[in-house]
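Residue 399 in the UniProt record's numbering sits at position 399 of the sequence shown, with consecutive numbering throughout.
For reference, the structure discussed in these notes is given below.
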Amino acid sequence: MPSQNDTAPPMDIENADTDTPQSTNSVEPVPNSPVEAGYNVTSSAVGTDQAIFDYGDYTVGWICALPTELAAAKAMLDEQHQALPARHKDNNTYVLGRVGDHNVAIACLPSQTTGTVSAASVSQQMLATFESIRFGLMVGIGGGIPSVGIPGVKQSDMVDLRLGDVVVSDPDHDFGGVIQYRFGKTIGESEFIRTGTLNKPPSVLRTAVSNLKANHDMKGDNLPRHLSDVTLKYPFMKTKYSYQGMENDRLFAFNYDHVEDSDDTCCFCEPGKEVQRQARMDTRPAIFYGLIASDNNLMRHGGSREKLRRDLGVLCVEMEAAGLIDEFPCMVIRGICDYADTHKNKRWQPYAAATAAAYAKELLLVIPKSQVTTAQKATEITGEKARDDFGRNALHVASQHHDQKLVEEYIKRMTPEEIGQVDVGNFTPLHLSDGHQSVVDALISKMRPQDLGIVNSYGYTVLNESVINWSTQVTETLLGKMLSKDINRNSPSGWTVLHLAANHGRESAVEPLLKKMSSRAIWALTLEPGRLTALHMAVQGNFVDATEAIVAIADSVQLATRDDKKRTALHIAAEQGFIDIVRILLERMDADDVWNPDIMGDTALHKAAASGYRDVVKLILGKVVDGDDLMLRNGVGQTAREVAVLRRDKRVIRLIEEQEKRYQVKMEEVVEQPSS
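Here you go:
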């Protein structure tokens, strides 16, 4: 498979260039047109008529990773063209030709290089040279991930992949068809989210696949005919590039490793560990559509293969595609040459390369030339995915400029995870939208819920941003789609989104948050500043509506919550003279909690008396339970009346003295009442 670092069998195409493609040195710039340079370009191979081709005549890019794959690709050409002069700074070596109505440029990775970086380099140079290319095909071999014989897998869900079968990358709701499975980001509570899902194939290819599927359902596929044509044209290829026999296709249990003393035939491996599979009616390759996993490292472990299947449901694993998809709009086609375990060997590589190439040819044959020539150029599509110095792609920029139409156009061609990609500051396009409602609606409609919880470099999710700076409508939209754990998340300093809303006076956002947040999150205490609830913050800002909303869902214990100075919300309101808030709190608080002292021994009455807020003092005095409440002394031994005396506040002194007299009268009446 392309994830092999070992060398594949040499090419065997008769009369073809059998040297391994080598990187060439840069050459001096040449004229854009080979005709201008006096270069005689003619058709060869199958075609006999002379034709002149230019770089702009090639609309399909075909990329291989191994010489074996290049041999299969060349053998599928209906016509091979002479090479064009090398372009400046392009180190690729190309095979040019025609498949059906389409002129194809084929490139192979340099010898002894595999992986995503090498593939990206080859594709970038190809697009710079052949600017008319509309799409690409990444065609070669890969490791199959069957689910047959796995305990617990339903019969209807089993994927019976065999060696030589073909897997075609196919997008689903979340992924674009190819997943870079070791690449991701951590959000929330150390949750790993894969961000390596890459762009889905362009629409012209996806439409062609739908058409091809329908044709195959009606009349079957033509892969055997294409394979037969190869061996007729190039008889020397027959031995290696033909089906290798059912007896050589052995699948062992994923948790059973190859016996080291055994050779490539697994002659010493236990037959009892081999998965028993029903024989097929014939040897023609089957075609599967689904997710393909890509990584820079070779997978050669059955247990890892099975984990990948369980976690992501992928059908194939390989090494190059992830380097292409974001740089080169293409479809990935893989012939299965092994099962990505320790039993792997190279016997099936040539045949698997041929079956993948046969499918690629079949796909091109159903695409009308007019659809290709009118399709968007690959360089234009990749421009949308290109990143600037801040790591922002075109969607980031369009969102930042509140360009609703452009945002909607971009997200049509992107998977949900692509829409949630971040820049160097961990900002998604939604972070950059400034809460522009139409842009927000477009992005949220396509984003995955978990990506709404991404935290940027300032420590904010988009929900945090919305309650501070955006409209309540945006906040409500986000609350309707975000995961509960992201809504209830605490920052490192203990702040919740409710703290932010209360602190910034976003009273209209408080009620929607209270409906979605857990009680634990609503009453969470900050670490800095010390031990404040959202209620404390709402009271500090004299935000009456926010305070009323929080108090309405609180019980007596929650209303009596104290900060690191042992202040309840009532202490804060009384000291600041926020009479409306004092009234709201007193209506819901237990009478005994009204008289709780803070760290200095002051009750709320002490605070109001010290600040001279007569109306607040009067409200608190209405909650006196008995005379002892009036005799409570603070840390320096003062009652609330004595605090007022020190301030020479006669009005407050009079209010407290009147309450003391009422208390004494009441006591006298009780004492003098005759017993019955």
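Beta carbons are placed, not taken as given, at the ideal position from N, Cα and C, and that holds for glycine.
So, at 7 Å on beta carbons, what are the nonlocal neighbours of residue i in its own chain, with the 5 sequence-adjacent residues on each side left out?
| i | result |
| --- | --- |
| VAL652 | ALA609, GLY612, ARG614, VAL617 and ALA644 |
| SER203 | none |
| LEU432 | HIS396, SER399 and GLN400 |
| LYS623 | LEU586, ALA591 and VAL594 |
| GLN371 | VAL204 |
| GLU548 | ILE584 |
With burial defined as no fewer than 16 other Cβ atoms inside 10 Å of the residue's Cβ, what is the status of residue i: buried or exposed?
| i | result |
| --- | --- |
| ARG280 | exposed |
| PRO285 | buried |
| GLU658 | exposed |
| GLN540 | buried |
| CYS267 | exposed |
| THR374 | exposed |
| ARG225 | exposed |
| GLU587 | exposed |
| ASN297 | exposed |
| MET517 | buried |
| GLY290 | buried |
| LEU559 | buried |
| TYR458 | exposed |
| residue 678 | Residue 678 lies beyond the residue range present for the chain, which begins at 1 and ends at 676; the question has no answer from this structure. |
| VAL474 | buried |
| ARG662 | exposed |
| ASP311 | exposed |
| MET537 | buried |
| ALA546 | buried |
| ASP555 | exposed |
| GLN276 | exposed |
| GLY196 | With a pLDDT of only 47 at GLY196, under 50, the local geometry of the prediction cannot be trusted, and no value is derived from it. |
| ARG648 | exposed |
Can you give me the Cβ contacts of residue i inside the same chain, cut-off strictly under 6 Å, excluding the 5 residues immediately before and after it?
| i | result |
| --- | --- |
| LYS200 | PRO171, GLY176, GLY177 and THR415 |
| VAL625 | ALA591 |
| PRO368 | none |
| VAL27 | Annotation note: pLDDT 30 at VAL27 (below 50); position unreliable, coordinate value reported separately. Taken in chain order, the residues that qualify are ALA86. |
| ILE579 | ASP615 and VAL616 |
| LEU605 | ILE620 and ALA640 |
| PHE390 | ASP423 and VAL424 |
Assuming contact is defined by CB atoms lying nearer than 8 Å, are residue i and residue j in contact in what I supplied?
| i | j | result |
| --- | --- | --- |
| ILE145 | ALA340 | yes |
| GLU362 | ASN222 | yes |
| residue 759 | VAL167 | Lying outside 1 to 676, the shown extent of the chain, residue 759 is not represented and no answer is given. |
| ILE487 | LEU500 | no |
| LEU535 | ALA521 | no |
| MET126 | ALA107 | yes |
| TYR359 | SER242 | no |
| VAL314 | ALA321 | no |
| LEU364 | VAL60 | yes |
| ASN634 | ASP602 | yes |
| ALA524 | THR496 | yes |
| GLY164 | TRP348 | yes |
Kindly indicate if chain C contains any beta-carbon less than 8 Å away from that of residue i.
| i | result |
| --- | --- |
| LEU84 | Absent from the structure is chain C; it holds one protein chain and no more. |
Take residue i and list the residues in its own chain whose beta-carbon comes closer than 8 Å to its own, dropping the five residues that flank it on each side.
| i | result |
| --- | --- |
| GLU476 | PRO512 |
| GLN404 | HIS436, SER438, VAL439 and ALA442 |
| ASN469 | ASP434 and GLY435 |
| LYS273 | PHE252, ALA253 and TYR256 |
| ARG305 | GLY143, ILE145, PHE254, MET299, VAL317, TYR339, ALA340 and ASP341 |
| HIS216 | ILE287 |
| GLU660 | GLY627, LEU630 and ARG641 |
May I ask you to list the residues that DSSP assigns as paired with residue i?
| i | result |
| --- | --- |
| TYR94 | ALA107 |
| ILE287 | VAL166 |
| PHE252 | GLU274 |
| GLN180 | SER294 |
| TRP62 | ILE106 and LEU137 |
| CYS330 | GLY136 |
| VAL455 | Its beta-bridge partners do not exist; DSSP assigns none. |
| ILE336 | GLY142 |
| GLU362 | BP columns for GLU362 are empty, so no partner. |
| GLU380 | Beta-bridge pairing links GLU380 to no other residue. |
| GLU318 | SER294 |
Does the region 125–134 come into contact with the region 241–250, if we say contact requires no fewer than three beta-carbon pairs (one atom in each stretch) closer than 8 Å? no
Per the contact definition of three or more C-beta pairs closer than 8 Å, is the region 435–445 in contact with the region 462–474? yes
When the Cβ atoms of the region 592–603 are set against those of the region 552–570, are three or more pairs found closer than 8 Å? yes
Decide yes or no for the touch test of the region 64–78 against the region 349–364: beta carbon pairs closer than 8 Å, at least 3 of them. yes
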